[in-house]
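Undergrad: Chains as they are written, first to last, in the numbering used here: chain Z, 4 to 317; chain R, 4 to 317. Pasting a structure here, questions to come.
Protein chains: 2
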Amino acid sequence: MLAGDEQPLARLITMVEREGPEAPHIMRLLQPHLGRAYTIGVTGPPGGGKSTLVDRLTSLIRKEGSTVGIIAVDPTSPFTGGAVLGDRIRMQQHFLDGGVFIRSMATRGSPGGLPPTARGVIKLLDAFGKDYILVETVGVGQTELDIMEMADTVLVVLTPEAGDTIQTMKAGLLEIADIFVVNKADREGASYLLAELTAMLQLHPSRPGWQPPVLAAQAVNNIGIEEVLQAVKDRRRALEETGHLWERRKEQRRKEFLQAIERRLAARLKETMEKDGEFLSYLERVEKGKMDPYSACQEVLANGRLLQRWLEED
Amino acid sequence: MLAGDEQPLARLITMVEREGPEAPHIMRLLQPHLGRAYTIGVTGPPGGGKSTLVDRLTSLIRKEGSTVGIIAVDPTSPFTGGAVLGDRIRMQQHFLDGGVFIRSMATRGSPGGLPPTARGVIKLLDAFGKDYILVETVGVGQTELDIMEMADTVLVVLTPEAGDTIQTMKAGLLEIADIFVVNKADREGASYLLAELTAMLQLHPSRPGWQPPVLAAQAVNNIGIEEVLQAVKDRRRALEETGHLWERRKEQRRKEFLQAIERRLAARLKETMEKDGEFLSYLERVEKGKMDPYSACQEVLANGRLLQRWLEED
Numbered sequence: 004m005l006a007g008d009e010q011p012l013a014r015l016i017t018m019v020e021r022e023g024p025e026a027p028h029i030m031r032l033l034q035p036h037l038g039r040a041y042t043i044g045v046t047g048p049p050g051g052g053k054s055t056l057v058d059r060l061t062s063l064i065r066k067e068g069s070t071v072g073i074i075a076v077d078p079t080s081p082f083t084g085g086a087v088l089g090d091r092i093r094m095q096q097h098f099l100d101g102g103v104f105i106r107s108m109a110t111r112g113s114p115g116g117l118p119p120t121a122r123g124v125i126k127l128l129d130a131f132g133k134d135y136i137l138v139e140t141v142g143v144g145q146t147e148l149d150i151m152e153m154a155d156t157v158l159v160v161l162t163p164e165a166g167d168t169i170q171t172m173k174a175g176l177l178e179i180a181d182i183f184v185v186n187k188a189d190r191e192g193a194s195y196l197l198a199e200l201t202a203m204l205q206l207h208p209s210r211p212g213w214q215p216p217v218l219a220a221q222a223v224n225n226i227g228i229e230e231v232l233q234a235v236k237d238r239r240r241a242l243e244e245t246g247h248l249w250e251r252r253k254e255q256r257r258k259e260f261l262q263a264i265e266r267r268l269a270a271r272l273k274e275t276m277e278k279d280g281e282f283l284s285y286l287e288r289v290e291k292g293k294m295d296p297y298s299a300c301q302e303v304l305a306n307g308r309l310l311q312r313w314l315e316e317d
Numbered sequence: 004m005l006a007g008d009e010q011p012l013a014r015l016i017t018m019v020e021r022e023g024p025e026a027p028h029i030m031r032l033l034q035p036h037l038g039r040a041y042t043i044g045v046t047g048p049p050g051g052g053k054s055t056l057v058d059r060l061t062s063l064i065r066k067e068g069s070t071v072g073i074i075a076v077d078p079t080s081p082f083t084g085g086a087v088l089g090d091r092i093r094m095q096q097h098f099l100d101g102g103v104f105i106r107s108m109a110t111r112g113s114p115g116g117l118p119p120t121a122r123g124v125i126k127l128l129d130a131f132g133k134d135y136i137l138v139e140t141v142g143v144g145q146t147e148l149d150i151m152e153m154a155d156t157v158l159v160v161l162t163p164e165a166g167d168t169i170q171t172m173k174a175g176l177l178e179i180a181d182i183f184v185v186n187k188a189d190r191e192g193a194s195y196l197l198a199e200l201t202a203m204l205q206l207h208p209s210r211p212g213w214q215p216p217v218l219a220a221q222a223v224n225n226i227g228i229e230e231v232l233q234a235v236k237d238r239r240r241a242l243e244e245t246g247h248l249w250e251r252r253k254e255q256r257r258k259e260f261l262q263a264i265e266r267r268l269a270a271r272l273k274e275t276m277e278k279d280g281e282f283l284s285y286l287e288r289v290e291k292g293k294m295d296p297y298s299a300c301q302e303v304l305a306n307g308r309l310l311q312r313w314l315e316e317d
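Below you can see the structure in the form of structure tokens.
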């Protein structure tokens, strides 16, 4: 994989996605090869033309001679397990380009958010040597926060039509966006949205040392793409010069560590729960409404023997 | 509070929201008084008229002589801590009615989802004696799943304009909706959306023994509200007759129990982390990129002494 072969890369991605027992070992081996790639999150409401923007940005980056990894996160139904979009034919033109690697991921197991394994896939693409990694997500709720914890720079893509819908999300968008792109900017209401976002950003500066630009684009007509890429590069330079890039990545690693512990403990809890008689007796009383969940929780966590069995599971 | 006084109710809600040390004790005392109220989740994309529908349903329920508790969940910016909507003036007409209790909650700490403490507030309103509890949430991402885990029946409110936006959510909506309401049904595209949802439900039956109805309404003109309430009652009878209501609540209690344990452990983890030298040395190596988060996680969880200190925190 480190020699640039895509087949082992694809196999390693699958292993990391499955979270098999070899995943931590893979991550350990990758560690010395990380940190070169620049990760861009592309998010926003559905129907905003994010895929097209990612496609056009990819073409432009390739023209400049840099390589690209793309992670397209499709929302999954948490019940059926199936991906909702399953837009496997996206960005067809790049499939034959060896400088572009595309991977779709489902949100399985993390409804409304990014799969925690997306971090691992970003690392694999980084170690593989991609210069840019584009992570495209449908921006609803939790994803927008997750993407901020995984990407170096976040593009929020809006359309004039989304005006009403985004009313309630605005404050949240301000907090996550490094760059705003008003796509489909030839449509009615675009100039209003551009002016509104600009005014909002002046009233509420959200990034120390960085004023998020608000850019107009028409991804489908290849208009405004160079300005978007230039803004990404400007943002990168600002982050590097102030040392904020290091701070941001440090914070990301911290969260990744804590989340890994929490997830592993939760997984162990489910395993223990299914076979530990003492735990099952608590569960049964809770399920029947004979004991309230919080008292049961307190008793379980005060029960040294039970905790011991639980934590020694591995 | 159990005598019907709203002042202690409001104080208890605040205690439960703050998750103070007395919260488990409150929950224990409530346990014998739970299970009478019927909880209705009202969700859907922003701008769908959910507040108005909740308002009109409340008037109708009151006319029938039953009492109502309303929990309106406002999205919070996870960064500034402030509620985005803060629509404190909603449903003014019910403020003087002693049969209606309204509480706004922020999504603080659970961005994109319902606050875990919403469960506790539902219980307080139940024990207080409310016949119906309406939980209104902006349906983005995780909220829609959370509401399903807290409510007996879920209304999904859509508008003709939302057509495009909901394309990507549809499979998810099918899984959570007990009743679909197409609000603003006088607008263009309403009959198309009604037909489309009906067809989709016929192709993908999602509820054993229950065909989710698709109802047209104009909440602002008070049209279609009786049909919505009737559908809620029909759904309730179906759930009760099949024993599914008991199953659903049992499953809710189970999840509440497990989540309580996971959250308490995560909170303890953060506490330990800040003062345990051994833990801090792992954290530092991870933050500096000298150790990968997954290997560090494995070592921490294999470290008996560290775990012991962590779990004995309380």
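We put the beta carbon where it would ideally sit given N, CA and C, even for glycine. Just so it is clear, the structure is predicted and the values come from calculations on it, not from any experiment.
1) Comparing C-alpha positions only, which one of Z/Glu22, Z/Thr245, Z/Leu206 and Z/Gln301 sits nearest to Z/Ala121?
2) Closer than 7 angstroms between beta carbons: that is the criterion. Which residues of the stretch 285–299 of chain R meet it against chain Z?
3) If you measure beta-carbon to beta-carbon, which residues of the stretch 187–206 of chain R are closer than 9 angstroms to chain Z?
4) Which of helix, strand or coil does DSSP assign to Z/Ala154?
5) Since R/Phe260 meets chain Z, which of its residues come closer than 7 angstroms, beta carbon to beta carbon?
6) Under 7 angstroms between the Cβ atoms of Z/Ala188 and Z/Ala222?
7) Check R/Ile92 in the structure and name its three-state DSSP category.
8) Tell me which same chain residues have a C-beta within less than 6 angstroms of the C-beta of Z/Pro11, skipping the five on either side of it?
9) Give every residue of the same chain whose Cβ lies closer than 6 angstroms to the Cβ of Z/Pro296, excluding the five residues on either side of it in the sequence, and list them in chain order.
10) Determine, using beta carbons only, whether Z/Ala305 and R/Phe260 come nearer to each other than 7 angstroms.
11) Which residues in the same chain have their Cβ closer than 7 angstroms to the Cβ of R/Leu248, if we skip the five residues on either side of it in sequence?
12) Is R/Thr245 buried or exposed, if buried means 16 or more other CB atoms sit within 10 Å of its CB?
13) Apart from the five residues just before and just after R/Ala40, which ones in its own chain have a Cβ nearer than 6 angstroms to its Cβ?
14) Please return the same chain residues whose Cβ sits closer than 6 angstroms to the Cβ of R/Leu310, not counting the five positions on each side in sequence.
15) With three or more beta-carbon pairs closer than 8 angstroms as the criterion, would you say the stretch 17–37 of chain Z touches the stretch 48–67 of chain Z?
16) Where DSSP assigns a beta bridge to R/Asp77, which residues make up the other side?
17) So, at 7 angstroms on beta carbons, what are the nonlocal neighbours of Z/Glu178 in its own chain, with the 5 sequence-adjacent residues on each side left out?
18) Output yes if chain R places a C-beta closer than 7 angstroms to the C-beta of Z/Pro27; else output no.
19) Could you check whether Z/Glu265 and R/Ala269 sit closer than 7 angstroms to each other, using their CB atoms as the reference points?
20) Which chain Z residues are close to R/Glu265, counting only those with a beta carbon under 9 angstroms from its beta carbon?
21) Can you find a CB in chain R that lies within less than 7 angstroms of the CB of Z/Met153?
22) What's the gap between the Cα of Z/Leu200 and the Cα of Z/Thr162?
23) Given this structure, state the Cα-to-Cα distance separating Z/Arg308 from Z/Phe282, to the nearest angstrom.
24) Measure from the alpha carbon of Z/Gly44 to the alpha carbon of each residue in Z/Phe131, Z/Gln205, Z/Ser62 and Z/Leu232, then state which is nearest.
25) Hey, would you say Z/Asp237 sits closer than 7 angstroms to Z/Pro215, going by beta carbons?
26) Could you check which residue in Z/Thr55, Z/Lys273 and Z/Ile16 has the C-alpha nearest to that of Z/Ile226?
27) Does the separation of the CB atoms of R/Lys53 and R/Val138 fall below 7 angstroms?
28) Taking only runs of the alpha helix (DSSP H) that begin and end inside the stretch 231–303 of chain Z, which ones reach a length of at least 4 residues, in chain order?
29) Following the continuous beta strand (DSSP E) through Z/Gly44, name the residue where it begins and the one where it ends.
30) Anything in chain R within Cβ reach of Z/Met108, meaning under 7 angstroms, just list it in chain order.
31) Give me the Cα-Cα distance between Z/Ala13 and R/Leu158, rounded to the nearest whole angstrom.
32) Whole angstroms are fine: how far does the CA of R/Gly50 sit from the CA of R/Asn224?
33) For chain R, find out if any of its Cβ atoms is closer than 7 angstroms to the Cβ of Z/Arg21; answer yes or no.
34) Could you name the residues of the same chain whose beta carbon sits closer than 8 angstroms to that of Z/Glu20, not counting the 5 residues immediately before and after it, in chain order?
35) Give me, in chain order, the residues of the same chain whose beta-carbon lies closer than 6 angstroms to that of Z/Trp213; leave out the 5 immediate sequence neighbours on both sides.
TA: Inspection of the coordinates gives the following:
1) When each option's Cα is compared against that of Z/Ala121, the closest is Z/Glu22.
2) Leu286, Val289, Glu290, Gly292, Asp295, Pro296, Tyr297, Ser298 and Ala299
3) none
4) coil
5) Leu286, Val289, Pro296, Ala299 and Cys300
6) No, Cβ-Cβ distance for Z/Ala188 and Z/Ala222 is not below 7 angstroms.
7) Because R/Ile92 carries a pLDDT of 46, less than 50, the predicted location of this residue cannot be relied on, and the following value inherits that uncertainty. Three-state DSSP puts R/Ile92 in coil, outside helix and strand.
8) Met4
9) Contacts found: Val289.
10) Result no, Cβ atoms of Z/Ala305 and R/Phe260 do not sit closer than 7 angstroms.
11) Asp155 and Leu242
12) The residue in question, R/Thr245, is exposed, as its Cβ has fewer than 16 Cβ neighbours within 10 Å.
13) Asp129, Lys133 and Ile136
14) none
15) no
16) R/Ala109
17) In the same chain as Z/Glu178, and ignoring 5 residues on each side of it, the C-beta atoms closer than 7 angstroms to its own belong to Ser209, in chain order.
18) yes
19) With a cutoff of 7 angstroms on beta-carbon distance, R/Ala269 and Z/Glu265 are scored as near each other.
20) Glu265, Leu268, Ala269 and Leu272
21) In terms of beta-carbon proximity, Z/Met153 stays away from the interface with chain R, with every pair separated by 7 angstroms or more.
22) 12 angstroms
23) 11 angstroms
24) Out of Z/Phe131, Z/Gln205, Z/Ser62 and Z/Leu232, Z/Leu232 has the C-alpha closest to the C-alpha of Z/Gly44.
25) no
26) Z/Thr55
27) no
28) 247–278 and 280–290
29) Tyr41 to Thr46
30) What Z/Met108 touches in chain R: nothing, since even the nearest Cβ is about 15 angstroms away.
31) 42 angstroms
32) If you take the alpha carbons of R/Asn224 and R/Gly50, they lie about 16 angstroms apart.
33) no
34) Closer than 8 angstroms at Cβ, skipping near neighbours: Met108, Pro118, Thr120, Gly123 and Val124.
35) Ala241
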